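Each remark here refers to the structure printed beneath this line.
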Amino acid sequence: MVRKLILFLEMHQPRRLKYGVLNKLCDLRSDEINEVGISSIIFNDEVNREILNRVADRSYVPTRVNEGFG
């Protein structure tokens, strides 16, 4: 008889881009090109964080409610 069931859930969350990213990238000077600078220009981390937290609250966190069976 099975007494415990473990589920592994994985959800894909794409990183959202900032508005007008293409124009901003085209306007870069060569001395401004580095990984940190490019990342901050391309990705909207604030929106990504908000959406990920909302998904976690609606999906991941509720699955923990029934921990401790058996």
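70 is the number that the working numbering gives the last residue of the sequence shown; the numbers go up by one with no jumps.
Ideal placement from N, C-alpha and C gives every residue a C-beta, glycine not left out.
Predicted model only: the values in this text are computed from it and were never measured.
- Between Asn48 and Arg15, the C-beta spacing is below 8 Å.
- In the DSSP annotation of this structure, the continuous segment of the alpha helix (DSSP H) that includes Asn48 starts and ends at 45-55.
- In the three-state DSSP reduction, Leu17 falls in the strand class (E or B).
- Taking 8 Å as the cut-off, the beta carbon of Tyr60 is found closer than this to the beta carbon of Leu9.
- For Glu10, the three-state secondary structure derived from DSSP is coil.
- Contact annotation: Lys18 and Phe43 have beta-carbon atoms nearer than 8 Å.
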